[in-house]
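There are 2 protein chains.
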Amino acid sequence: MSGRRLHIQEVGPRDGLQVETRFVETADKIALVDLLSQAGLAKIEVTSFVSPKAIPQLRDAEVVMREIQRRPGTLYTALVPNARGAERAIESRTDELNLVMSASVSHNLANLRMTQAQSFAALAETARMAQSAGVAVNVSLSCSFGCPMEGDVPEAAVLDWCSRYVGELGCGGVTLCDTTGMAYPTQVERLAQAFRERHPGTELTLHFHNTRGMGLANVLAGIAAGADRFDASFGGIGGCPYAPGATGNVCTEEVVHALQLMGYDTGVDLAVLLQASRRLPALIGHDIPSQLVKAGRRLDLHALPADFDEIRTRAEARG
Amino acid sequence: MSGRRLHIQEVGPRDGLQVETRFVETADKIALVDLLSQAGLAKIEVTSFVSPKAIPQLRDAEVVMREIQRRPGTLYTALVPNARGAERAIESRTDELNLVMSASVSHNLANLRMTQAQSFAALAETARMAQSAGVAVNVSLSCSFGCPMEGDVPEAAVLDWCSRYVGELGCGGVTLCDTTGMAYPTQVERLAQAFRERHPGTELTLHFHNTRGMGLANVLAGIAAGADRFDASFGGIGGCPYAPGATGNVCTEEVVHALQLMGYDTGVDLAVLLQASRRLPALIGHDIPSQLVKAGRRLDLHALPADFDEIRTRAEARG
Numbered sequence: 001m002s003g004r005r006l007h008i009q010e011v012g013p014r015d016g017l018q019v020e021t022r023f024v025e026t027a028d029k030i031a032l033v034d035l036l037s038q039a040g041l042a043k044i045e046v047t048s049f050v051s052p053k054a055i056p057q058l059r060d061a062e063v064v065m066r067e068i069q070r071r072p073g074t075l076y077t078a079l080v081p082n083a084r085g086a087e088r089a090i091e092s093r094t095d096e097l098n099l100v101m102s103a104s105v106s107h108n109l110a111n112l113r114m115t116q117a118q119s120f121a122a123l124a125e126t127a128r129m130a131q132s133a134g135v136a137v138n139v140s141l142s143c144s145f146g147c148p149m150e151g152d153v154p155e156a157a158v159l160d161w162c163s164r165y166v167g168e169l170g171c172g173g174v175t176l177c178d179t180t181g182m183a184y185p186t187q188v189e190r191l192a193q194a195f196r197e198r199h200p201g202t203e204l205t206l207h208f209h210n211t212r213g214m215g216l217a218n219v220l221a222g223i224a225a226g227a228d229r230f231d232a233s234f235g236g237i238g239g240c241p242y243a244p245g246a247t248g249n250v251c252t253e254e255v256v257h258a259l260q261l262m263g264y265d266t267g268v269d270l271a272v273l274l275q276a277s278r279r280l281p282a283l284i285g286h287d288i289p290s291q292l293v294k295a296g297r298r299l300d301l302h303a304l305p306a307d308f309d310e311i312r313t314r315a316e317a318r319g
Numbered sequence: 001m002s003g004r005r006l007h008i009q010e011v012g013p014r015d016g017l018q019v020e021t022r023f024v025e026t027a028d029k030i031a032l033v034d035l036l037s038q039a040g041l042a043k044i045e046v047t048s049f050v051s052p053k054a055i056p057q058l059r060d061a062e063v064v065m066r067e068i069q070r071r072p073g074t075l076y077t078a079l080v081p082n083a084r085g086a087e088r089a090i091e092s093r094t095d096e097l098n099l100v101m102s103a104s105v106s107h108n109l110a111n112l113r114m115t116q117a118q119s120f121a122a123l124a125e126t127a128r129m130a131q132s133a134g135v136a137v138n139v140s141l142s143c144s145f146g147c148p149m150e151g152d153v154p155e156a157a158v159l160d161w162c163s164r165y166v167g168e169l170g171c172g173g174v175t176l177c178d179t180t181g182m183a184y185p186t187q188v189e190r191l192a193q194a195f196r197e198r199h200p201g202t203e204l205t206l207h208f209h210n211t212r213g214m215g216l217a218n219v220l221a222g223i224a225a226g227a228d229r230f231d232a233s234f235g236g237i238g239g240c241p242y243a244p245g246a247t248g249n250v251c252t253e254e255v256v257h258a259l260q261l262m263g264y265d266t267g268v269d270l271a272v273l274l275q276a277s278r279r280l281p282a283l284i285g286h287d288i289p290s291q292l293v294k295a296g297r298r299l300d301l302h303a304l305p306a307d308f309d310e311i312r313t314r315a316e317a318r319g
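Residue numbers (full-length UniProt numbering), protein chains in the order written: chain X, 1 to 319; chain Z, 1 to 319.
Here's what the structure looks like:
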């Protein structure tokens with residue numbers, strides 16, 4: 001296991017910033033993405049080409065995508081909800097379009113206002129647009145580990161949708177999303193393993209939220225099943241509309257810190273990543289969930305007490 | 001693995017409440033412990049028989065220990081720093097004395113103001129007192145996974161201390177404490193396995209703090225190494241003097257929730273445990289780290305949107 005390469009994919013600029021009440025200035029967004037690139041992340045979800053009315057926080061999608069500095073080795077992706085978004089993303093030189101639908105019938109209707117069949121048809125259209133422009137396609141399947149309204153989502157349904165994305169849409173990657181933090185380790189291992197057996201040539205990403213504290217445990221369960229791509233958000237920003245006050249995505253620096261200690265090769269410069277996260281509170285106007293920013297890395301040591309020598313001398317004098 | 005019995009040991013009434021600025025009334029403490037007993041926890045660290053001047057939050061140790069309702073199947077333990085504490089604990093009918101020293105030379109001096117040799121001698125004295133009173137003895141070894149001032153603590157040193165507790169003091173249990181959240185999963189697996197090989201007849205407890213977000217992952221690593229006893233604090237209360245604002249012990253309800261989903265038998269009634277945690281904010285005067293209290297259990301479902309039927313009808317009408 002030791003030394004195995006894992007790909008850490010940053011989703012904070014999209015999944016995190018989209019739920020903030022404060023608009024982060026375009027220049028600040030660009031600087032953040034540039035710093036995340038410098039940190040060596042394998043993929044960065046830069047923004048979402050969604051309607052500026054629906055998500056005003058990301059209304060500067062074009063400018064951000066065009067003006068970031070592209071680092072070789074980092075893939076720049078964006079969430080694209082429809083054909084109009086796909087046009088904008090392609091014009092802005094996005095490396096990959098990330099398309100989305102839900103594994104849950106109810107969640108797909110409630111969130112996307114389409115039946116799953118309608119969503120799949122829309123995905124097929126945007127996938128064709130991307131492919132004729134030579135742009136990569138990834139499909140993100142929300143509620144792959146459970147739906148906050150329906151409960152369990154049958155694994156067979158999840159796997160069937162995945163087969164259609166790979167077989168009918170020809171997408172290069174699929175992300176199994178734990179949209180509201182319902183995934184648990186044994187389930188993750190089972191589903192990731194089943195996916196990999198069926199689609200060994202397709203990039204599998206696991207996208208966890210830490211809503212119920214199982215985020216990192218789920219990442220490790222995914223690794224045990226052979227998965228090697230994980231979404232995470234710097235600072236742990238993001239959230240869950242069904243759980244006010246709950247934390248969001250698994251925290252990038254916490255995932256990287258743990259994986260590096262375990263001997264995995266993440267390709268990430270943790271010190272640079274932490275710089276990016278430390279900028280967040282001033283930009284979004286509140287504290288961030290990241291515990292690593294508060295506690296420091298494992299070997300960021302603390303000074304001995306000022307009176308340590310005195311304590312020792314006294315103790316030793318007692319024999 | 002499925003169905004394996006794991007012992008969840010509650011340390012919140014001691015490790016959590018001792019760092020609170022607000023004094024929790026004695027009657028409230030007793031009611032909390034009684035509710036935790038009802039939840040079916042295997043062991044509860046009820047209090048600490050420390051000097052009331054040093055930790056005024058636990059100045060009611062005797063009354064609490066005497067007036068709680070004892071549930072068969074729950075063991076009631078208390079932290080005991082010295083012979084005076086051991087006397088008080090034994091008089092108060094404590095089932096087990098939990099003795100403590102640090103695996104780190106500097107941390108032992110800085111926190112206990114004794115050399116390790118002096119601490120060991122004190123442990124030997126209190127262990128003898130407990131044993132002649134027919135009371136069980138557990139030794140908690142702080143900084144077993146690293147010291148915030150020294151960094152790594154050699155595993156050989158940790159294991160040597162453990163051998164002395166078992167061989168020379170005759171203690172029935174040892175707790176490897178991750179005092180400041182420095183443990184990581186591969187390290188946990190290695191150390192727990194080494195302990196179990198050397199001391200198959202001694203109860204091993206793993207005590208993790210979630211300071212850097214690795215708590216649950218460390219619990220699962222411990223289980224993989226055969227450990228079956230884990231300390232945790234309800235609500236995730238507690239803290240770390242070296243990381244202001246950092247969370248404390250792993251959160252009992254989050255650990256139980258995850259382990260139950262994975263098919264382990266914890267013996268814990270999660271609904272009752274959550275009742276206890278939900279009482280905490282009013283008693284300690286601030287929000288608690290528990291994410292499960294915020295987000296609810298995995299299958300605590302949410303209602304469909306009020307206009308869901310309308311959304312569906314409209315979507316389906318589009319064909």
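Backbone N, C-alpha and C define an ideal beta-carbon position, used for all residues, glycine too. Just so it is clear, the structure is predicted and the values come from calculations on it, not from any experiment.
- The straight-line gap separating the alpha-carbon atoms of residue 118 of chain Z and residue 319 of chain X is approximately 8 Å.
- Taking each of Z/211, Z/207 and Z/221 in turn and checking the Cα distance to residue 188 of chain Z, the smallest one comes out for Z/221.
- In the DSSP assignment, residue 173 of chain X falls outside any alpha helix (DSSP H) and lies within the beta strand (DSSP E) extending over 173-177.
- Contact between residue 45 of chain X and residue 82 of chain X does not hold, since the beta-carbon distance rounds to 17 Å and is not under 8 Å.
- DSSP places residue 230 of chain Z in the uninterrupted beta strand (DSSP E) bounded by 229-232.
- When C-alpha distances from residue 77 of chain X are compared across X/174, X/95, X/23 and X/66, the shortest belongs to X/95.
- Close partners of residue 294 of chain X in chain Z (Cβ separation under 7 Å): 243, 245 and 246.
- A check of alpha carbon separations from residue 266 of chain X across X/114, X/73, X/176 and X/58 identifies X/73 as the nearest.
- In this structure, DSSP gives residue 242 of chain Z a state outside helix and strand, which the three-state scheme calls coil.
- For the set X/75, X/295 and X/14, the Cα lying nearest the Cα of residue 257 of chain X is the one of X/295.
- Secondary structure note for residue 207 of chain Z: its beta strand (DSSP E) is the uninterrupted segment 203-207.
- At a cut-off of 9 Å between beta-carbon atoms, residue 106 of chain Z makes contact with chain X.
- Collapsing the DSSP output to three states places residue 101 of chain X in a strand.
- For residue 22 of chain Z, the nearest beta carbon of chain X is not closer than 9 Å to its own beta carbon.
- For residue 198 of chain Z, the number of other beta carbons within 10 angstroms of its own is below 16, and it is reported as exposed.
- For residue 82 of chain Z, the secondary structure class from DSSP, reduced to helix, strand or coil, is coil.
- What residue 315 of chain X touches in chain Z, judged by beta-carbon distance under 7 Å, is 109, 113, 114, 115 and 118, going in chain order.
- Rounded to whole angstroms, residue 104 of chain X and residue 17 of chain Z show a C-alpha spacing of 42 Å.
- Not a single CB atom of chain Z sits nearer than 9 Å to the CB of residue 280 of chain X.
- Residues of chain X whose Cβ lies closer than 9 Å to the Cβ of residue 308 of chain Z are, in chain order, 106, 109, 110 and 149.
- Taking a contact as a CB-CB distance under 8 Å, the pair residue 228 of chain Z and residue 209 of chain Z does not count as one, their CB atoms being some 20 Å apart.
- In the DSSP annotation of this structure, the continuous segment of the alpha helix (DSSP H) that includes residue 316 of chain X starts and ends at 308-317.
- The criterion of a C-beta distance shorter than 9 Å is not satisfied by residue 213 of chain Z and residue 180 of chain Z.
- Residue 8 of chain Z sits in a strand when the DSSP states are folded into three classes.
- Taking C-beta separations shorter than 6 Å and ignoring five residues to either side along the sequence, the partners of residue 242 of chain Z in its chain run 148 and 180, following chain order.
- Check the Cα spacing between residue 13 of chain Z and each of Z/5, Z/7, Z/59 and Z/6: the tightest is with Z/59.
- For the 9 Å CB-CB criterion, residue 123 of chain X and residue 139 of chain X form a contact.
- For residue 133 of chain X, there are no neighbours in chain Z by C-beta distance under 8 Å, as the nearest C-beta there is about 27 Å away.
- DSSP, reduced to helix, strand and coil, places residue 251 of chain Z within a strand of the structure shown.
- Restricting attention to X/240, X/9 and X/4, the CA atom closest to the CA of residue 234 of chain X is found in X/9.
- Apart from sequence neighbours up to five positions away, the residues of its chain that approach residue 36 of chain Z with a beta-carbon distance below 6 Å are 10, 44 and 276, ordered along the chain.
- In this structure, DSSP gives residue 162 of chain X a helical state, which the three-state scheme calls helix.
- Taking the Cβ atoms as the reference, residue 216 of chain X lies roughly 34 Å from residue 168 of chain X, outside the contact range of under 8 Å.
- Under the three-state reduction of DSSP, residue 265 of chain Z is assigned to strand.
- The criterion of a C-beta distance shorter than 9 Å is not satisfied by residue 150 of chain X and residue 92 of chain X.
- When only Cα atoms are considered, residue 298 of chain X and residue 133 of chain X end up about 45 Å apart.
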